[in-house]
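**Student:** Sequential numbering from 1 applies to the sequence shown in the UniProt record's numbering.
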Amino acid sequence: LQRTYIFTFLLSSRVFIPPHDLLARVGQICLEQRQQLETGSEKVKAKLKSFSAKIVQLLKEWTEAFPYDFQDEKAMAELKAITHRVTQCDEENGTVKKAIAQMTQSLLLSLAARSQLQELREKLRSPAMDKGSVLKAKPPATQKDILGVCCDPLVLAQQLTHIELERVNSIHPEDLMQIVSHMDSRDKHRCRGDLTKTYSLEAYDNWFNCLSMLVATEVCRVVKKKHRTRMLEFFIDVARECFNIGNFNSMMAIISGMNLSPVARLKKTWSKVKTAKFDVLEHHMDPSSNFCNYRTALQGATQRSQMANSSREKIVIPVFNLFVKDIYFLHKIHTNHLPNGHVNFKKFWEISRQIHEFMTWTQVECPFEKDKKIQNYLLTAPIYSEEALFIASFESEGPENHMEKDSWKTLRTTLLNRA
Numbered sequence: 001l002q003r004t005y006i007f008t009f010l011l012s013s014r015v016f017i018p019p020h021d022l023l024a025r026v027g028q029i030c031l032e033q034r035q036q037l038e039t040g041s042e043k044v045k046a047k048l049k050s051f052s053a054k055i056v057q058l059l060k061e062w063t064e065a066f067p068y069d070f071q072d073e074k075a076m077a078e079l080k081a082i083t084h085r086v087t088q089c090d091e092e093n094g095t096v097k098k099a100i101a102q103m104t105q106s107l108l109l110s111l112a113a114r115s116q117l118q119e120l121r122e123k124l125r126s127p128a129m130d131k132g133s134v135l136k137a138k139p140p141a142t143q144k145d146i147l148g149v150c151c152d153p154l155v156l157a158q159q160l161t162h163i164e165l166e167r168v169n170s171i172h173p174e175d176l177m178q179i180v181s182h183m184d185s186r187d188k189h190r191c192r193g194d195l196t197k198t199y200s201l202e203a204y205d206n207w208f209n210c211l212s213m214l215v216a217t218e219v220c221r222v223v224k225k226k227h228r229t230r231m232l233e234f235f236i237d238v239a240r241e242c243f244n245i246g247n248f249n250s251m252m253a254i255i256s257g258m259n260l261s262p263v264a265r266l267k268k269t270w271s272k273v274k275t276a277k278f279d280v281l282e283h284h285m286d287p288s289s290n291f292c293n294y295r296t297a298l299q300g301a302t303q304r305s306q307m308a309n310s311s312r313e314k315i316v317i318p319v320f321n322l323f324v325k326d327i328y329f330l331h332k333i334h335t336n337h338l339p340n341g342h343v344n345f346k347k348f349w350e351i352s353r354q355i356h357e358f359m360t361w362t363q364v365e366c367p368f369e370k371d372k373k374i375q376n377y378l379l380t381a382p383i384y385s386e387e388a389l390f391i392a393s394f395e396s397e398g399p400e401n402h403m404e405k406d407s408w409k410t411l412r413t414t415l416l417n418r419a
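Here it is, written out as C-alpha cells:
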C-alpha cells in the first residue's frame, strides 16, 4: 500500500508542480533536517535516522518509477546533494549508504537504456504513395502484397502483437499523466489531450493510423474482385485472432481500416465476403453505451491475465485511444481540489490505478517468435494516401451515385493538374 501511495503521489504531483521543483523541495527539507543534527538532542538524532530511511525509500521508488525525472544534470546534482545529506543524518548506518549506491547505479543503467531506445527510434515508414498523373497505374505483378508474405491469420496477429508490445513498452507513466497536466495548462484544443506531447505517445498513435491505412491499401490496390474478397476475409480472420490473443488495439485498427470509405464503398466485393465473423467483431467494437461490449471483453481479458500461468494468457493490449479518453474524462468530471481546498486524492488515486494497470500490461514479454520478414513488411510497406485510396477504389468499382461521380471527377482533375 505504501508503494502504491508513493507512486500515486509522485505521478499526480506533476499536475501541480514540476518534478524538478518537487525534488528541490525535498532537498530543502533534507537540508533543514541536516542542520538539526548539529544542534539537536539524542532523541532528535534518533528521529533523523528514521527520516533518512524514509527519504531513501522515497528516492528509490522515485528513481525506479520515473527515471526520466532525473535525466538532466540539474536534477542529478540535486539528487546527489540529497543523498549526501541523508547519509550525514545516519553516518553509522552502512545499509543507507549501500541502498543509495544501488539506487544510483540502477538509475544510471535505466537512463542509459532509455537513451539507447531513443536512438533506435521508430523505423521510418515509406512515405504514403500517390498515384500522381498515371491514374490507371496498378502495382506491378511482381510487387508483393501481405498474402505473399504471410497467409496465416494467426501468425500475422502474433507479429502485430509483437509490434504493439514493443511500441507500448516505450510509454511511461509520466507520458500518460501529461494528458492531464497539459489540460491543466489550458492546452484543451483536442479531446485526446494532445498525444503529440511526447514521442512515445505520438509514435504509438501513428502506428494505429498506419495499420488502418495499410489494411485499406492492401484491399484497394488488388485488381481482381476475387482476390479483394480473399484479402478482406483474411484481415477479418487476423482481427479475430487479435481479439483472441487480447490485442484489442490492432483489432480496432484493422476494423477501422476496413470501415474507411474507400474500402466500405466496395459493395460488389463485400457482397462476396462471408461477413458473419466481421459482424461479430463489429459487435465487440460497437461504440454504443460507451463501448460496453468492448469493455466487457477487456474485463474478461484482464481477469484472464491476472490468473495466467503463461505469458500468452497475460497479454492485454487495450484500444489506446479509448484508454486515453477514459483518463481524460476521469480528469474532466472530477475537480482537482475538494471544497475544503485539499487535493482530491481519491480522483488521482483512480487515475493512478488505471495508469498502473496499463503499465503492468506493457511489461508482458511477448511469447511469440519474432518473424523479421513479416514485421519488416508491416512496418515499411508503402501505404496509399487518402486520395490514392479513393482512386484505387473507384478504379476497382466505379462511382455509383452523383456524389461519388463528383468526387471521382475532382480527384482526377486535381492529380492531373498536380502532374
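Cβ atoms here follow ideal geometry from the backbone N, Cα and C, with glycine treated the same way. Computed from a predicted structure; not experimentally measured.
Between Val155 and the rest of its own chain, which residues show a CB-CB distance below 8 angstroms, the 5 nearest in sequence each way excluded?
**Tutor:** To locate residue 155, count along the sequence shown from 1; it is residue 155. Answer for Val155: Asp371, Ile374, listed in chain order.
**Student:** In three-state DSSP terms, what is Ile351?
**Tutor:** Position 351 of the sequence shown, counting from 1, holds the residue named residue 351. The answer is helix: DSSP assigns Ile351 an H, G or I state.
**Student:** Let's test the definition: count the other Cβ atoms within 10 Å of the Cβ of Met251 and tell me whether it reaches 16, buried, or not, exposed.
**Tutor:** Here the question's residue 251 lines up with position 251 in the sequence shown. When all chains shown are included, Met251 counts as buried.
**Student:** Based on the DSSP secondary-structure assignment, which residues constitute the bridge partners of Asn247?
**Tutor:** The residue labelled residue 247 in the question sits at position 247 within the sequence shown. Looking at the DSSP assignment, Asn247 forms a beta bridge with Ile317.
**Student:** For the alpha helix (DSSP H) that contains Leu338, what are its first and last residues?
**Tutor:** Taking the sequence shown and counting its residues from 1, one reaches residue 338 at position 338. Run containing Leu338: none; DSSP gives neither H nor E here.
**Student:** What did DSSP end up calling Val343 once you bin it into helix, strand or coil?
**Tutor:** Translated into the one-based positions of the sequence shown, residue 343 becomes position 343. Val343: strand per DSSP, three-state reduction.
**Student:** Roughly how many angstroms separate the alpha carbons of Glu400 and Ser288, rounded to a whole number?
**Tutor:** One-based indexing of the sequence shown puts residue 400 at position 400. One-based indexing of the sequence shown puts residue 288 at position 288. So the alpha carbons of these two residues sit roughly 30 angstroms apart.
**Student:** Starting from Tyr68, trace the alpha helix (DSSP H) both ways and give me its first and last residue.
**Tutor:** Here residue 68 refers to the residue found at position 68 when the sequence shown is read from its first residue. Element bounds for Tyr68: n/a, residue is neither H nor E.
**Student:** State yes or no: is the beta carbon of Val280 nearer than 8 angstroms to at least one beta carbon in chain B?
**Tutor:** The chain labelled as chain B is not found in the depicted structure, where only one protein chain is given.
**Student:** So, helix, strand or coil for Phe7, using DSSP?
**Tutor:** Here residue 7 corresponds to residue number 7 of the sequence shown, with the count starting at 1. The answer is helix: DSSP assigns Phe7 an H, G or I state.
**Student:** Kindly indicate which three-state DSSP category Pro367 falls into: helix, strand or coil?
**Tutor:** Within the sequence shown, numbered from 1, the residue matching residue 367 stands at position 367. Pro367: coil per DSSP, three-state reduction.
**Student:** In angstroms with no decimal places, state the Cα-to-Cα distance between Ile327 and Ala53.
**Tutor:** Mapped onto the sequence shown, residue 327 falls at position 327. Mapped onto the sequence shown, residue 53 falls at position 53. Cα to Cα, Ile327 sits roughly 34 angstroms from Ala53.
**Student:** Would the beta-carbon of Ala99 fall within 8 angstroms of that of Val149?
**Tutor:** Counting from one through the sequence shown, the residue named residue 99 turns up at place 99. Counting from one through the sequence shown, the residue named residue 149 turns up at place 149. In this structure, Val149 does not lie closer than 8 angstroms to Ala99 by Cβ.
**Student:** Determine the extent of the alpha helix (DSSP H) in which Gly398 is found, giving its start and end residues.
**Tutor:** Working through the sequence shown from its first residue, we reach residue 398 at position 398. Segment: none, Gly398 is in no alpha helix (DSSP H) and carries neither H nor E.
**Student:** Give the range of the alpha helix (DSSP H) segment to which Pro153 is assigned.
**Tutor:** For the purposes of this step, residue 153 is taken as the residue at position 153 of the sequence shown. Looking at the DSSP string, the run of the alpha helix (DSSP H) that includes Pro153 is 153–168.
**Student:** Could you pull the start and end residues of the alpha helix (DSSP H) that Pro262 belongs to?
**Tutor:** Counted from its first residue, the sequence shown places residue 262 at position 262. Segment 261–264, the alpha helix (DSSP H) holding Pro262.
**Student:** If you draw a straight line from the C-alpha of Cys366 to the C-alpha of Thr161, how long is it?
**Tutor:** Reading the sequence shown from its first residue, position 366 is the one you call residue 366. Reading the sequence shown from its first residue, position 161 is the one you call residue 161. Approximately 8 angstroms, taken between the alpha carbons.
**Student:** Select from Pro153, Leu232, Val263 the residue whose C-alpha is nearest the C-alpha of Phe394.
**Tutor:** In the sequence shown, counting from the first residue as 1, residue 394 sits at position 394. With distances taken between Cα atoms, Phe394 lies closest to Val263.
**Student:** Name the residue from Gly398, Glu386, Ser396, His402 whose alpha carbon lies nearest to the alpha carbon of Leu415.
**Tutor:** Here residue 415 refers to the residue found at position 415 of the sequence shown. The shortest C-alpha separation from Leu415 is found at Glu386.
**Student:** Do the CB positions of Trp361 and Val316 come within less than 8 angstroms of each other?
**Tutor:** One-based indexing of the sequence shown puts residue 361 at position 361. One-based indexing of the sequence shown puts residue 316 at position 316. Their beta carbons are under 8 angstroms apart, which means Trp361 touches Val316 by this criterion.
**Student:** Are the Cβ atoms of Leu10 and Phe66 separated by less than 8 angstroms?
**Tutor:** Along the sequence shown, read from residue 1 onward, the residue named residue 10 stands at position 10. Along the sequence shown, read from residue 1 onward, the residue named residue 66 stands at position 66. Yes. Within cutoff.
**Student:** Tell me whether Phe235 sits in a helix, a strand or coil according to DSSP, three-state version.
**Tutor:** Indexing the sequence shown from 1 puts residue 235 at position 235. In this structure, Phe235 counts as helix in the three-state DSSP scheme.
**Student:** For Val86, which option in Lys60, Ser13, Lys74 has the closest C-alpha, if you only look at C-alpha atoms?
**Tutor:** Looking up residue 86 in the sequence shown gives position 86. Ranking the options by Cα distance to Val86, first place goes to Lys60.
**Student:** Can residue 425 and His283 be called in contact, C-beta distance under 8 angstroms?
**Tutor:** Within the shown structure, residues of the chain are numbered from 1 to 419, placing residue 425 beyond reach of any answer.
**Student:** DSSP three-state call for Ala308: helix, strand or coil?
**Tutor:** Position 308 of the sequence shown holds residue 308. Looking at Ala308 - three-state DSSP - the assignment turns out to be coil, as it is neither helix nor strand.
**Student:** Could you work out which residue in Pro382, Phe16, Asn249 is closest to Arg295 when comparing CA atoms only?
**Tutor:** Position 295 of the sequence shown holds residue 295. Taking only the C-alpha atoms, the option nearest Arg295 is Asn249.
**Student:** Between the region 237–246 and the region 202–209, do three or more beta carbon pairs fall short of 8 angstroms?
**Tutor:** Flag = no, the region 237–246 and the region 202–209 do not touch.
**Student:** Quick one: is Met177 buried, meaning 16 or more other Cβ sit within 10 Å of its Cβ, or exposed?
**Tutor:** What you label residue 177 is simply residue 177 of the sequence shown in a count that begins at 1. The residue in question, Met177, is buried, as its Cβ has 16 or more Cβ neighbours within 10 Å.
**Student:** Run the CB neighbour count on Lys347, radius 10 Å, all protein chains shown included, and call it buried at 16 or more, exposed below.
**Tutor:** Translated into positions along the sequence shown, residue 347 becomes position 347. It counts as buried.
**Student:** Express the C-alpha separation of Met103 and Ala301 in angstroms, rounding to a whole number.
**Tutor:** Translated into the one-based positions of the sequence shown, residue 301 becomes position 301. Translated into the one-based positions of the sequence shown, residue 103 becomes position 103. Straight-line Cα distance between these residues: approximately 35 angstroms.
**Student:** Over what stretch of residues does the alpha helix (DSSP H) that includes Ser271 continue unbroken?
**Tutor:** Counted from its first residue, the sequence shown places residue 271 at position 271. No alpha helix (DSSP H) holds Ser271; DSSP gives it neither H nor E.
**Student:** Under the three-state reduction of DSSP, which class applies to Thr198: helix, strand or coil?
**Tutor:** As a first step, residue 198 is located in the sequence shown; it is residue number 198 there, counting from the start. The answer is coil: DSSP assigns Thr198 none of H, G, I, E or B.
**Student:** Between the alpha carbons of Ala77 and Gln88, how many angstroms are there, rounded?
**Tutor:** Residue mapping note: residue 77 aligns to position 77 of the sequence shown, counting from 1. Residue mapping note: residue 88 aligns to position 88 of the sequence shown, counting from 1. Their Cα atoms are separated by approximately 17 angstroms.
**Student:** Relative to the C-alpha of Thr4, which candidate in Gln35, Trp349, Pro173 has its C-alpha closest?
**Tutor:** Taking the sequence shown and counting its residues from 1, one reaches residue 4 at position 4. Selected option, being the one with the closest Cα: Trp349.
**Student:** Can you name the start and end residues of the alpha helix (DSSP H) that residue 483 belongs to?
**Tutor:** The structure shown has nothing for residue 483, since the chain only spans 1 to 419.
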